[in-house]
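Numbering (the numbering used here), first residue to last: 225 to 401. Every residue, glycine too, gets a C-beta built ideally from N, C-alpha and C. Data first, discussion second: the structure below is written as structure tokens.
What follows is the structure, encoded as structure tokens:
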């Protein structure tokens, strides 16, 4: 089985499951995966597509066009959508090349680039995800406008040291009540 390295340009993540595997829903396969959306007229993206096509032709010959490749060209939308998957947890880095913790959820619309391997299989070529670098993180947003004089969340979701009555530290046990 042949394989070759591939690093993508930055693109917009669609349906990313990079922080944890996709384990629920109709298309769940318990794999880490994402689709990466690029503008069709980007020179770096077109160079990536040519590299994928050249590898596919090298592996499968001239008939590769009838085989599966890990991207789809959507002329109407002006997009190229690349699919990457792996059963192993990918390493995820921020824009400064620092490893990101598992507590950060990479949402749809996040801008990232991927690296991994193009791998041959009997029906075509797949892109096995190894690493991701995040340029910007998109997270869930609200459809609501800001409400004046309303509740405002100011915490991290838990209690800090000394939040107990009298400035004491709480052990968090029900027996402390």
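Check, Outcome
"Supposed contact pair residue 330 and residue 276 - C-beta distance, whole angstroms, cut 8 Å", "The Cβ separation is near 23 Å, so there is no contact."
"Whether residue 261 touches residue 349 by CB criterion (8 Å)", "no"
"One or two residues paired with residue 343 in a DSSP bridge", "227, 350"
"Cutoff 6 Å; reference residue 360; Cβ partners in own chain excluding five residues on either side", "335"
"Residue from 341, 314, 281 whose Cα sits closest to the Cα of residue 229", "341"
"Proximity winner among 324, 309, 345, relative to residue 281 (alpha-carbon distances)", "345"
"Contact check, residue 309 vs residue 347, beta carbons under 8 Å", "no"
"Beta-carbon proximity of residue 339 to residue 355, cut-off 8 Å", "yes"
"Cβ neighbours of residue 297 in the same chain (closer than 6 Å, five flanking residues each side left out)", "304"
"Simplified DSSP state of residue 237, which is helix, strand or coil", "strand"
"Residue 217 versus residue 269: straight-line alpha-carbon distance, rounded", "The requested residue 217 does not occur in the structure, where the chain is confined to residues 225 to 401."
"Local Cβ density within 10 Å of residue 226, reported as buried at 16 or more and exposed below that", "exposed"
"For residue 333 and residue 238, the rounded distance between their alpha carbons", "6 Å"
"Nearest to residue 273 (by Cα), restricted to the options 252, 312, 306", "306"
"Range of the contiguous alpha helix (DSSP H) that encloses residue 263", "Note, residue 263: premise wrong, no alpha helix (DSSP H); beta strand (DSSP E) at 256 to 263."
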